[in-house]
Structure formats: structure tokens, C-alpha cells
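Enquirer:
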Amino acid sequence: DTGVSQNPRHKITKRGQNVTFRCDPISEHNRLYWYRQTLGQGPEFLTYFQNEAQLEKSRLLSDRFSAERPKGSFSTLEIQRTEQGDSAMYLCASIGTAGANVLTFGAGSRLTVL
Amino acid sequence: AQSVTQPDIHITVSEGASLELRCNYSYGATPYLFWYVQSPGQGLQLLLKYFSGDTLVQGIKGFEAEFKRSQSSFNLRKPSVHWSDAAEYFCAVGPLLQFGAGTQVVVTP
Numbered sequence: 001d002t003g004v005s006q007n008p009r010h011k012i013t014k015r016g017q018n019v020t021f022r023c024d025p026i027s028e029h030n031r032l033y034w035y036r037q038t039l040g041q042g043p044e045f046l047t048y049f050q051n052e053a054q055l056e057k058s059r060l061l062s063d064r065f066s067a068e069r070p071k072g073s074f075s076t077l078e079i080q081r082t083e084q085g086d087s088a089m090y091l092c093a094s095i096g097t098a099g100a101n102v103l104t105f106g107a108g109s110r111l112t113v114l
Numbered sequence: 115a116q117s118v119t120q121p122d123i124h125i126t127v128s129e130g131a132s133l134e135l136r137c138n139y140s141y142g143a144t145p146y147l148f149w150y151v152q153s154p155g156q157g158l159q160l161l162l163k164y165f166s167g168d169t170l171v172q173g174i175k176g177f178e179a180e181f182k183r184s185q186s187s188f189n190l191r192k193p194s195v196h197w198s199d200a201a202e203y204f205c206a207v208g209p210l211l212q213f214g215a216g217t218q219v220v221v222t223p
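Chains as they are written, first to last, in our numbering: chain F, 1 to 114; chain R, 115 to 223.
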């Protein structure tokens, strides 16, 4: 059990560019969640997957955001045409069937849009 | 709709003193309630959780929390804080984890 791994840890990009974040959950965990955290706020739910199926999406997830989990293992979160308002920490978390609704979080990927 | 309110944005406490962080929630059914701690550069770490049963819940690092349905509260307490407890603390209501805005705890010598 190596925990939830997120890459890259920090990404600096110019407005209008596309960025992609990767999350590798704990290997036996079938549910994977994405959250966004801005400065001074608590994390906000974006979306979650059970295996490869994306089961729920927040209204925060605009058309520029897309998340995938193609084989039910790792997941990617892509942001197209980034805006300065996208600057935030993007957190991934996972949980297994025996997890009793307790999420294990990664350290996050910090996005800075210039 | 579910929501979580942490009324205190910032708390300063002396090392060795007691600490209480407030959390109020709004939820349509019996809630899943959580407290997480976040230190700079670290991921969110679960301190404790409440799903059902005994309303006084013990967690890691000497923390406890009490679920009070009549007050819709789930306050976090620690009898004697250590300098290493300086961090940001988040209350959350599940199962999709809606978080409060957090309380920043500063510990002074």
C-alpha cells in the first residue's frame, strides 16, 4: 500500500493552455474521487468514479474539465483552455469496498495559471 | 441540501491548553461526519469519523468529537494541544464529503 499518488505535484501554465493531472489510487480501491481546493477554502467535490464508470459530476466541472478512468485503475483530470480562476489544488482520493466510506487522499496537484 | 459550517476561521491556542473546534451541519438523514487535518504540503489526514452508535468518538493524536443531533453539531476537542497540532482542520459530511471552509489553528509557546 503506497497510498494515493498524484502527479505532477505542481504545474505552472499560461492561460489558455491545457493541463492534465494523474491520480494513481490505492491498488485495491474501486472508487476514486476528485476535489478542488482553493486558498482559504475546504475541498469541493468535482466528480467520482466507481471502477471505470463516472457516476457523479459536480456543477463545478465545466465543459473545459474532463476526467477519465479508462481501466478502472488510474485516473486523469484534464483542464482545457485554462483560466486564472482554475488555479487551485486538485486533490484525488480513493476508497475500497471495505473502506467504510473513509477516503484516503493524495497530497494533491497544485495548478498555477499565469 | 447538505452543508457544513465551521464558524471559526482562525483559532490561536497556547501549547498545553485545551482546544475545541466547532462544526455545524445540515443534512437530510443521519449523517456521516468526519474531521480531517491538513498540514502544509501534506494530504488530508482523517482524524476521526462518526457513522452511528456512541456519540463520543475517539480519534488519532488524542482528538475526540461529540455528535449532538439536537444541535446539528460535531465539535472536535483535544484536552492539551502540542505545537505539532498547528494545522488546518476540516469538518465534512458524507458520503460525498462536503467540507467546511476550515479552521486554522495556531499554537503559541
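Even glycine gets a Cβ: it sits at the ideal position worked out from N, Cα and C.
Nearest chain F C-beta to A179(R) closer than 8 angstroms, yes or no?
Expert: no
Enquirer: According to DSSP, is D24(F) part of a helix, a strand, or is it coil?
Expert: Shown here, D24(F) sits in a strand according to DSSP, grouped into three states.
Enquirer: If you reduce the DSSP assignment to three classes, tell me which class R81(F) lands in.
Expert: coil
Enquirer: Note down the Cα distance separating E202(R) from L32(F), rounded to an integer number of angstroms.
Expert: Straight-line measurement puts the Cα of L32(F) at about 24 angstroms from the Cα of E202(R).
Enquirer: Tell me the rounded alpha-carbon separation between S73(F) and F49(F).
Expert: 10 angstroms
Enquirer: On the premise that R36(F) lies in contact with E83(F), defined as a C-beta separation below 8 angstroms, what is that separation, rounded to the nearest angstrom?
Expert: Not confirmed; about 13 angstroms, so no contact.
Enquirer: Counting C-beta neighbours from all protein chains within 10 Å, is the total for I174(R) 16 or more, i.e. buried, or is it exposed?
Expert: exposed
Enquirer: Distance check for A67(F) and Q152(R), CA to CA, integer angstroms please.
Expert: 25 angstroms
Enquirer: Can you name the residues of chain R whose CB is closer than 8 angstroms to the CB of F45(F)?
Expert: L210, L211, Q212
Enquirer: Kindly indicate the opening and closing residues of the beta strand (DSSP E) around Q172(R).
Expert: Run containing Q172(R): 170-172, per the beta strand (DSSP E) assignment.
Enquirer: What would DSSP say about S198(R), mapped onto helix, strand or coil?
Expert: Three-state DSSP puts S198(R) in a helix.
Enquirer: Quick one, which of S117(R), F181(R), A200(R) has its alpha-carbon nearest P43(F)'s?
Expert: A check of alpha carbon separations from P43(F) across S117(R), F181(R), A200(R) identifies S117(R) as the nearest.
Enquirer: Chain F beta carbons: is any one of them nearer than 8 angstroms to that of T163(R)?
Expert: According to the sequence as given, residue 163(R) is Lys; it is not Thr. With 8 angstroms as the cut-off, K163(R) counts as an interface residue toward chain F.
Enquirer: My understanding is that A115(R) touches Q41(F), with C-beta atoms under 8 angstroms, so please give their C-beta distance in whole angstroms.
Expert: That pair is no contact at about 18 angstroms.
Enquirer: Applying the criterion that 16 or more other CB atoms from any shown protein chain within 10 Å of the CB defines a buried residue, is A206(R) buried or exposed?
Expert: buried
Enquirer: Run through chain R and tell me which residues come within less than 9 angstroms of T41(F), C-beta to C-beta.
Expert: In the sequence on display, residue 41(F) carries Gln and not Thr. Here the neighbours are F213, A215, G216.
Enquirer: Can you tell me which residues form a DSSP beta bridge with T13(F)?
Expert: V113(F)
Enquirer: Between T38(F) and the ligand NAP, is the CB less than 7 angstroms from at least one heavy atom?
Expert: As presented, the structure is devoid of all ligands, the ligand NAP included, so that no description of it is given.
Enquirer: Report the neighbours of V102(F) on chain R: residues whose CB is nearer than 7 angstroms to its CB, in chain order.
Expert: L160, K163
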